[in-house]
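In the working numbering, the protein residues as written are 15 to 128.
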C-alpha cells in the first residue's frame, strides 16, 4: 500500500505557471512508474507525463515543451512544472504510481482562466 498526497493546484491566468507536487508515503525508488494524469469535465482521464523506473519519460503531445516532470527520490516526490498554461489545461490533476498495483492521489484542481 502507498498513499499519494498532491499539492500545488490553483487558479492561474493563461500563460502562467504552476508546480504540482506528489509525495508518496514510502520510497519511490523501486516504483515501476510514477506520474500525472488529468481529467477535464466531460472527458476521460488522460496521461500528462510519467517517469518510469528504466529512466524513460513520457509526455502527452499536447504538453510537450510546456510541462516538465521530475523526481526527487530522497523526498519520495514527483513534480510537475507547468509553464505557458492554456485554458485547455484546466482539469483535475491526479498523481499515479505503479508498483504492485496502481495507486492514485485524491486529485488537485488546476484552473487556467483570465
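Every residue gets a Cβ at the ideal spot worked out from N, C-alpha and C, and that includes glycine.
Top-ranked residue by Cα proximity to residue i, from the options
i          : options          : result
residue 63 : 127, 111, 38, 41 : 111
residue 45 : 95, 17, 56, 22   : 17
residue 30 : 85, 15, 80       : 80
residue 57 : 99, 103, 69      : 103
Residue environment, residue i, which counts as buried when at least 16 other CB atoms sit within 10 Å
i           : result
residue 43  : exposed
residue 88  : exposed
residue 52  : buried
residue 34  : buried
residue 118 : exposed
residue 60  : exposed
DSSP-derived helix/strand/coil call for residue i
i           : result
residue 60  : strand
residue 110 : strand
residue 76  : helix
residue 38  : strand
Neighbourhood of residue i by C-beta distance below 8 Å, restricted to the same chain and skipping five residues each side
i          : result
residue 41 : 87, 90
residue 71 : 63, 64, 65, 83
Check: residue i C-beta below 6 Å from any heavy atom of the ligand SAH
i          : result
residue 25 : Within the structure as shown, the ligand SAH is missing, as the structure has no ligands at all.
Contacting residues, own chain, Cβ-Cβ under 6 Å from residue i (five flanking each side not counted)
i          : result
residue 82 : 95
residue 85 : 65, 92
residue 97 : 31, 80
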